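A.B. asks: Structure provided below as structure tokens; questions to follow.
Numbering (our numbering), first residue to last: 183 to 365.
Structural data, given as structure tokens:
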């Protein structure tokens, strides 16, 4: 609840998050209550102060981001996730318009609050009446690595097989090194 109070208090302010570095060189925000590395609700409450035009592929990446947050198609291709988002724009917009009384599609997500934030941004793009390439978005679109330590080893060692296992090489569907090791 305190995070919501903080978010409301700083709603129209530009925030900066001071960070500390640990002994491994990893950097973490000092603020424990509201930060970009927090849980789902933390991340859903934050937007960039200065937005950027979405450009040529930004709206597609926003839709992919929304589907990635749900966890529904995490082992499917980018094209499949984009097609799913496009097919389900009605559910996405219903989530934005009627989060508590609608079909509540967003609530089935692995990251429901971030999904709702993405649904609202998608709805805003569609209702803006302008070309999506010109829409100025403030919503962070997360990109994460697959087993980052192994990604570094594969890159440094120029290991093509390892690179494929940790998604450093383009492929139709994402690889899962943990499943490969377990089998």
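Glycine included, every Cβ here is placed at the ideal spot set by N, Cα and C.
Everything numeric in this text was worked out from a predicted model, so none of it was measured.
1) Alpha carbon to alpha carbon, how far is residue 308 from residue 243?
2) Quick check: the segment 320-327 against the segment 274-291, are at least 3 beta-carbon pairs closer than 8 Å?
3) Quick check on residue 338: buried or exposed, where buried means 16 or more other Cβ atoms within 10 Å of its Cβ?
4) Apart from the five residues on each side of it in sequence, which residues of its chain come closer than 8 Å, Cβ to Cβ, to residue 212?
5) So, at 8 Å on beta carbons, what are the nonlocal neighbours of residue 315 in its own chain, with the 5 sequence-adjacent residues on each side left out?
6) Kindly provide the ranges of any alpha helix (DSSP H) runs that are 4 or more residues long and lie completely inside the segment 218-297, ordered along the chain.
7) For residue 245, which option in 254, 284, 264, 256 has the closest C-alpha, if you only look at C-alpha atoms?
8) Does DSSP classify residue 213 as helix, strand or coil?
9) What does a CB cutoff of less than 6 Å around residue 302 pick up in its chain, not counting 5 residues either side in sequence?
10) Specify, as a first and last residue, the run of the beta strand (DSSP E) that residue 202 falls within.
11) From this set, 216, 231, 305, 204, which residue's C-alpha is nearest residue 270's C-alpha?
12) Does the beta-carbon distance from residue 255 to residue 300 come in below 8 Å?
13) In three-state DSSP terms, what is residue 319?
14) Please report the residue range of the alpha helix (DSSP H) in which residue 363 lies.
15) Residue 293: buried (16+ other C-beta within 10 angstroms of its C-beta) or exposed?
16) Tell me which residues share the same chain as residue 332 and place their Cβ nearer than 8 Å to its Cβ, disregarding the 5 neighbours each side in the sequence.
17) Of all the options 335, 340, 334, 222, which has the alpha carbon lying nearest to the alpha carbon of residue 288?
C.D. replies: Walking through what the data contain:
1) 14 Å
2) no
3) exposed
4) 199, 200, 201, 202
5) 235, 236, 237, 238, 240, 241
6) 222-226, 240-252, 260-269, 271-279
7) 264
8) coil
9) 278
10) 201-203
11) 305
12) no
13) strand
14) 359-364
15) buried
16) 344, 347, 348, 359
17) 222
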